[in-house]
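In my numbering, the protein residues as written are 1124 to 1269. To start, the structure itself, in structure tokens.
Quick look at the structure:
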């Protein structure tokens, strides 16, 4: 299903899903998540490239054009608030991505390779929700009164 995700949600969601995908998930679930994460990693690659451009644009340089770094090796910015504003703008950008959605009820009944019920942690569920990988529950049809 095509969904619209902000860069910030893609970045955070993939980070939170990391431990979940390392589990012994059922083949069908693992494959679905892998397909989606591969598509989203393309977005992450673009975010990384754009962030590098922003760092280069806003970094403080010495007279020779070299980056100025602090004692810890962190690049210093000429105007940190401008970098922050530009980076925030980058993270607000939206992408339309084809995401495989998982039915929550089915997810909670699936078993891992060891035969244990999959119980996603709150962080893992947050990752699935940020990436809109949990399908909206279908509304039950109201029974007609006779």
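Beta carbons: idealized from backbone N, C-alpha and C, even for Gly. These figures come from a predicted structure and were not determined experimentally.
8 Å or more divides the Cβ of residue 1161 from the Cβ of residue 1213. When beta bridges are read from the DSSP output, residue 1160 appears opposite no residue. The way I'd put it, the segment 1154 to 1172 does touch the segment 1125 to 1145; three or more beta-carbon pairs between them come closer than 8 Å. Pairing residue 1186 with residue 1199, the inter-Cα distance amounts to about 14 Å. For residue 1189, the three-state secondary structure derived from DSSP is coil. For residue 1128, the beta-bridge partners assigned by DSSP are 1218.
Nearest C-alpha to residue 1197 among 1241, 1210, 1182 and 1209: 1182. Cβ neighbours of residue 1184 within its own chain (closer than 7 Å, five residues either side excluded): 1190 and 1191.
Counting every other CB atom within 10 Å of its CB across the protein chains shown gives residue 1255 a total of 16 or more, marking it as buried.
Within the DSSP bridge table, the entry for residue 1200 names 1182 as partners.
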